[in-house]
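Protein chains in written order, with this note's numbering: chain A, 192 to 336; chain B, 192 to 336.
There are 2 protein chains.
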Amino acid sequence: MQPARLVVMSMLVLLGAGSTASAFEDKDIIDYREHIMVTLDEQTAALGMLMATQIPPDNLAAHAEAIALTAKQALKSFEPKVQGGESKPLVWEQWADFSERMNSFAKKTEALAVTARTKGQDAMMTEVVDALSCKGCHDVYRNKK
Amino acid sequence: MQPARLVVMSMLVLLGAGSTASAFEDKDIIDYREHIMVTLDEQTAALGMLMATQIPPDNLAAHAEAIALTAKQALKSFEPKVQGGESKPLVWEQWADFSERMNSFAKKTEALAVTARTKGQDAMMTEVVDALSCKGCHDVYRNKK
């Protein structure tokens, strides 16, 4: 553990902070998950351009792998039950459903990355539509901007 | 090669298009590299929050790996000599320097991802500042918004 973090932890103990106390700010937690969701938007848009043959396919696997990594980040980023940003409270009210969807998203995008690496663009068509069905979750769990 | 692309290529040949002809639209090429640069912004911001201990370190390696993948995408995305967006014409006028910097960025972020995976956060401090010195290139090659 870093000395600085050790000091913070010690201070929390001295202040009598209970087990539910968090050293993290709600605003940071919301900003953080938004960084991740914007990453997904951008990388999905980029992959979409390749799939539509608007862009040469050189980065095909790199996009699919970045999406798979970011899907895993996303799952983790929603674990703190901090409402706000574009997330509806339903995310945490229906956590079992939400987290199952996020887990499925992470698994499907990981499989898509394998297909991208090993079989290439033409083999990805069906899988990409299923793995990147973002709208299904957004319709239920996201407030419109 | 996909049948559709084969048809496009054949049409270009029939139309007498020379070797500099591209089947890709300039606007798409600019949009595409912007998707990649925004990804870098977002993932760097997210990693920065972890390094500053504003966010738990669970996704540490996933961010470093996503940045390394995106750095490789970035290098490729600037190869078409299409001016516009926030890129100064200098990008292609000084291509040797620009591409050397981008290659170095890709290599350093790949090394950073290895450090993240194998040694963790405390070991990354010096390397992260050197690898993610985005401002150095932006000051020379990017138009301010």
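Backbone N, C-alpha and C define an ideal beta-carbon position, used for all residues, glycine too.
I'd like to know if residue 315/A contacts chain B, where contact means its C-beta is closer than 8 angstroms to some C-beta of that chain.
As a working note, residue 315/A is residue 124 in the first sequence. Closer than 8 angstroms: no.
From 267/B, 224/B, 237/B and 225/B, residue whose alpha carbon lies closest to that of residue 338/A:
Here chain A comprises residues numbered 192 to 336, so residue 338/A is not present and cannot be evaluated.
Answer yes or no: do residue 233/B and residue 230/A have a C-beta to C-beta separation smaller than 8 angstroms?
One-based indexing of the second sequence puts residue 233/B at position 42. One-based indexing of the first sequence puts residue 230/A at position 39. It is a contact, given that the beta carbons lie within the stated cut-off.
Among 313/A, 283/A and 318/A, whose alpha-carbon lies nearest the alpha-carbon of residue 332/A?
Locating residue 332/A in the first sequence gives position 141, where the first residue counts as 1. Nearest C-alpha to residue 332/A: 283/A.
Of all Cβ atoms in chain A, is any one closer than 8 angstroms to the Cβ of residue 274/B?
By one-based count along the second sequence, residue 274/B stands at place 83. Not one chain A Cβ lies under 8 angstroms of residue 274/B.
Please compile the residues from chain B whose C-beta is within a distance smaller than 7 angstroms of the C-beta of residue 263/A.
Looking up residue 263/A in the first sequence gives position 72. 253, listed in chain order.
At least one CB of chain B closer than 8 angstroms to the CB of residue 306/A: is that the case?
Residue mapping note: residue 306/A aligns to position 115 of the first sequence, counting from 1. Chain B, which has no Cβ nearer than 8 angstroms to the Cβ of residue 306/A, makes this no.
How about residue 242/B: is its C-beta nearer than 8 angstroms to some C-beta of chain A?
For the purposes of this step, residue 242/B is taken as residue 51 along the second sequence, with counting starting at 1. No, residue 242/B does not count as interfacial toward chain A.
Give the residues of chain A in contact with residue 256/B, contact being defined as C-beta atoms less than 7 angstroms apart.
Reading the second sequence from its first residue, position 65 is the one you call residue 256/B. Ordered by position in chain A, the residues that pass the 7 angstroms Cβ test against residue 256/B are 260.
When we look at the beta-carbon of residue 263/B and count the other beta-carbons within 10 Å, is it buried (16 or more) or exposed?
Here residue 263/B is taken as the residue at index 72 of the second sequence, counted from 1. Buried is the call here.
Kindly indicate which three-state DSSP category residue 295/A falls into: helix, strand or coil?
Counting from one through the first sequence, the residue named residue 295/A turns up at place 104. Residue state, collapsed to three classes: helix.
Could you work out which residue in 249/A, 269/A, 235/A and 254/A is closest to residue 221/A when comparing CA atoms only?
Position 30 of the first sequence, counting from 1, holds the residue named residue 221/A. Ranking the options by Cα distance to residue 221/A, first place goes to 269/A.
Quick check on residue 276/A: does DSSP put it in helix, strand or coil?
Counted from its first residue, the first sequence places residue 276/A at position 85. Reduced to three states, the DSSP call for residue 276/A is coil.
Are the stretch 320-329 of chain B and the stretch 280-299 of chain B touching by the rule of at least three beta carbon pairs closer than 8 angstroms?
yes
On the three-state DSSP scale, how would you describe residue 212/A?
As a first step, residue 212/A must be located in the first sequence, where it is residue number 21. With a pLDDT of 46 at residue 212/A, under the threshold of 50, the modelled position of that residue is not reliable, and the figure given next carries that caveat. In this structure, residue 212/A counts as coil in the three-state DSSP scheme.
Over the uninterrupted alpha helix (DSSP H) stretch that includes residue 315/A, give me the two end residues.
As a working note, residue 315/A is residue 124 in the first sequence. That residue, residue 315/A, is in no alpha helix (DSSP H); it is neither H nor E in DSSP.
Of all the CB atoms in chain A, is at least one closer than 8 angstroms to the CB of residue 302/B?
Stepping through the second sequence from its first residue, residue 302/B is reached at position 111. Answer no: the Cβ-Cβ gap between residue 302/B and chain A never drops below 8 angstroms.
Residues of the stretch 217-236 of chain B with Cβ closer than 8 angstroms to any Cβ of chain A, in chain order:
219, 220, 222, 223, 226, 227, 229, 230, 233, 234 and 236
Using a Cβ-Cβ cut-off of 6 angstroms (strictly less than) and excluding sequence neighbours within five positions of residue 258/A, which residues of its own chain qualify?
Your numbering for residue 258/A matches position 67 in the first sequence. Excluding sequence neighbours, residue 258/A sits near 234 and 300.
Test: residue 288/A CB closer than 8 angstroms to a CB of chain C
No chain C appears in this structure, whose protein chains are A and B.
Cross-chain neighbours of residue 215/A in chain B, by beta carbon under 9 angstroms:
Mapped onto the first sequence, residue 215/A falls at position 24. Correct list: 244, 245, 246 and 247.
Thinking C-alpha only, which one of 288/A, 329/A, 276/A and 286/A is nearest residue 226/A?
By 1-based counting over the first sequence, the position of residue 226/A is 35. Considering only alpha carbons, the answer is 276/A.
Could you tell me which of 266/A, 239/A and 251/A sits nearest to residue 287/A, measuring between CA atoms?
The residue you call residue 287/A lines up with position 96 of the first sequence. Per the Cα distances, 266/A.
Under 7 angstroms between beta-carbons, which chain B residues line up against residue 250/A? List them in chain order, please.
On the first sequence, residue 250/A is found 59 positions in, with the first residue counted as 1. Neighbours of residue 250/A on chain B, chain order: 264 and 267.
Whole angstroms are fine: how far does the CA of residue 215/B sit from the CA of residue 244/B?
Residue 244/B sits at position 53 when you count from the first residue of the second sequence. Residue 215/B sits at position 24 when you count from the first residue of the second sequence. Approximately 43 angstroms between the Cα atoms of the pair.
Would you check if the distance between the CB atom of residue 252/A and the CB atom of residue 304/A is smaller than 8 angstroms?
Taking the first sequence and counting its residues from 1, one reaches residue 252/A at position 61. Taking the first sequence and counting its residues from 1, one reaches residue 304/A at position 113. Result yes, Cβ atoms of residue 252/A and residue 304/A sit closer than 8 angstroms.
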